Amino acid sequence: MRRSGLPIRTLLLRVFLPAVAVVAIGLGLLAYDRIYTSIVDGFDRKLIATSALTGALLDARDHDALIAIARAKPDSDAAEHSAEYLHAVLPMRRILHELDITYLYTQVLGGSQDVIYVLDATVGEDHSPIGAEDDLPAETLAGIRRATAQGTVHLSPIEFQQQWGLLKTAAAPVRDQQGRIVATAGADVNVSLIRVATQNALFVSVVIGLASLLGCAFVTLLTVRRIAEPLDRLRREALRIAGGDHRPLDRFPAPRDIAQLQAALAASTAETTGKLADARDRRAVAIRAAGIAETEAALARRGQASDRLAFTGAVADDGLPLRRAAAARLADRVAADPALAAQIEAEGPPLALAPGERAAVRLDDGRELSIGAGA
1 MRRSGLPIRT LLLRVFLPAV AVVAIGLGLL AYDRIYTSIV DGFDRKLIAT SALTGALLDA
61 RDHDALIAIA RAKPDSDAAE HSAEYLHAVL PMRRILHELD ITYLYTQVLG GSQDVIYVLD
121 ATVGEDHSPI GAEDDLPAET LAGIRRATAQ GTVHLSPIEF QQQWGLLKTA AAPVRDQQGR
181 IVATAGADVN VSLIRVATQN ALFVSVVIGL ASLLGCAFVT LLTVRRIAEP LDRLRREALR
241 IAGGDHRPLD RFPAPRDIAQ LQAALAASTA ETTGKLADAR DRRAVAIRAA GIAETEAALA
301 RRGQASDRLA FTGAVADDGL PLRRAAAARL ADRVAADPAL AAQIEAEGPP LALAPGERAA
361 VRLDDGRELS IGAGA
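Take 1 as the starting number for the sequence shown in UniProt numbering and just add one per residue.
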């Protein structure tokens, strides 16, 4: 036969554990989203601050001279060893190293391509020599033109550049000696740095999710235990009472709502027990009354059934049936036993009756022998 229900603990775990898993996953995703947003915002602020700082630190006179050299397609080795170039690029290299930026440079619009590089703090194969030209993504080029025209800092999304790969770029205006915007200071970060930071964020999110899952599961088990055990105990007590065992309900620790149920069940049990006790008392009284009535009826029948007894002056009280029955029994014995009749005739009536009552037996010879009289 199939069971009609599940244990309370199992039912509660089936309800709570999926909810715990959903909460833990939600916390992990929320943590990842917040951390990822924080990482991207951090890179954005770093790029904006780096490009703006670089543009502000450049000496306008030296940079104007370097722009003129870059437009003239110079000998890059000689130009990059000049005092003006080194004076400008060495601080940029320190900024590049300290802030962990991928590329830091200045550029001007023009040339046969989109931009001409002037200063580049990068050292090695990714270094762009002075006067080198490059094409930019359309959105980045439009942002640099806005920065040049309006004096704002351009911040690009993550974009793919044919030569440099996936980059996130910021470009701040660079002014000449007259205060006009003539170039932009660019700061780039390679997306691999963002990916590493994002992977770290994902790991942290997973750790947070697992910690949340374990913590929530632990709390859930404690909660289920705190709720399920009192409920199961209450269920067993209710089944015991329903089975006819009306002993008082033993108190046990439970949460407030279950304790209220426990108190209600105890009160109901006490009331039911009282009613059952009253019913048993009434039934016992009824049985005794019925037994007494039946006994009295039997005695009355016994007293009236004898044809040997003559009973006069009967006093109507509770003992009359018993006295009449005793007299009838004795009359039958005396009528059947002449020796007993002779003994009673010699010694006197043996029965003590109520005042005014008299009992006599009719003998076979027609005489009446007194067998009892009232004082």
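Each residue gets a CB set at the ideal place from its N, CA and C atoms; glycine is no exception.
All values derive from a computational prediction rather than experimental measurement.
Where residue i and residue j are concerned, what is the direct C-alpha to C-alpha distance, given to the nearest angstrom?
i, j, result
"M92", "T220", "56 angstroms"
"A342", "I371", "11 angstroms"
"C216", "V20", "6 angstroms"
"A328", "P338", "16 angstroms"
"I181", "L104", "18 angstroms"
"P355", "G366", "27 angstroms"
"R14", "V206", "24 angstroms"
"L136", "Q199", "28 angstroms"
"G209", "S51", "37 angstroms"
"L340", "R280", "48 angstroms"
"R3", "T223", "Low local confidence applies: a pLDDT of 47 at R3 is under 50, so the model's placement there is unreliable, and no value is given."
"A316", "T273", "42 angstroms"
"Y36", "E98", "23 angstroms"
"A314", "L353", "9 angstroms"
"residue 381", "S82", "This structure cannot speak to residue 381, because the chain is shown only from 1 to 375."
"D134", "F218", "59 angstroms"
"V285", "L322", "21 angstroms"
"R45", "L96", "15 angstroms"
"D307", "D278", "46 angstroms"
Going by beta-carbon coordinates alone, are residue i and residue j separated by less than 8 angstroms?
i, j, result
"E80", "A65", "no"
"T106", "T148", "no"
"Y117", "A60", "no"
"L109", "R146", "no"
"V23", "S156", "no"
"residue 402", "G143", "The chain is shown only over 1 to 375; residue 402 falls outside these bounds and no answer can be derived."
"Y32", "L214", "no"
"L369", "I344", "yes"
"D176", "L141", "no"
Answer with buried or exposed for residue i, where buried requires no fewer than 16 other C-beta atoms within 10 angstroms of its C-beta.
i, result
"S128", "buried"
"F311", "buried"
"V153", "buried"
"residue 403", "Outside the displayed range of the chain (1 to 375) lies residue 403, so it cannot be described from this structure."
"G165", "exposed"
"V174", "buried"
"L47", "buried"
"M1", "In this prediction, M1 has a pLDDT of 37, which is less than 50 and means its spatial position is unreliable; what the coordinates show is noted afterwards. By the neighbour-count rule (16 or more Cβ atoms within 10 Å), M1 is not buried but exposed."
"R283", "exposed"
"D100", "exposed"
"G124", "exposed"
"L30", "exposed"
"T287", "Here residue 287 turns out to be Ile, not Thr, going by the sequence shown. Exposed is the call here."
"S268", "exposed"
"I67", "buried"
"G186", "buried"
"I25", "exposed"
"L90", "exposed"
"F43", "buried"
"A289", "exposed"
"V196", "exposed"
"P18", "exposed"
"A375", "exposed"
Take residue i as the anchor and find which of the options has the nearest alpha-carbon.
i, options, result
"A78", "G131, R34, A290 and A360", "G131"
"A331", "V361, L90, D337 and G28", "V361"
"D126", "A142, L29, D188 and P18", "D188"
"V334", "L351, R195, L322 and P321", "L351"
"A88", "D62, D75 and A31", "D62"
"A72", "Y36, E139 and S112", "S112"
"A336", "A354, P355 and L363", "L363"
"G179", "Y36, L58 and R367", "L58"
"L27", "E159, V204, S268 and A314", "V204"
"L86", "E98, T122 and A52", "T122"
"R358", "D318, D317 and L309", "L309"
"R324", "A279, D281 and A373", "A373"
"D41", "L222, A290 and K168", "K168"
"E139", "E133, G151, I158 and Q150", "I158"
"G151", "A56, R45, G319 and Y36", "A56"
"R94", "L53, P74 and V115", "L53"
"T102", "V115, D120, L90 and D278", "D120"
"N190", "D176, F160, A49 and A326", "F160"
"I39", "S192, F218, Q177 and S82", "S192"
Does at least one heavy atom of the ligand COA sit under 7 angstroms from the Cβ of residue i?
i, result
"R329", "Among the components of this structure there are no ligands whatsoever, and the ligand COA is therefore not found."
Report yes or no: is there a C-beta of chain C within less than 8 angstroms of the C-beta of residue i?
i, result
"D278", "No chain C appears in the structure shown, which is made up of a single protein chain."
Residue ranges of each alpha helix (DSSP H) within the region 70-131, 4 or longer: Runs of the alpha helix (DSSP H) inside the region 70-131: 76-80 and 83-99.
Open item on the list: Extract the residue ranges of the beta strand (DSSP E) inside the region 297-356, only unbroken runs of 3 or more that lie entirely within it.
Closed with: Positions of the beta strand (DSSP E) runs, each at least 3 residues long and wholly inside the region 297-356, are given as 309-312 and 351-353 in order along the chain.
task: Tell me the start and end of each unbroken beta strand (DSSP E) in the region 147-210 that is at least 3 residues and wholly inside, in chain order.
output: Secondary structure in the region 147-210: the beta strand (DSSP E) runs of 3 residues or longer, each lying completely within the stretch, are 159-161, 165-175 and 181-190 in chain order.
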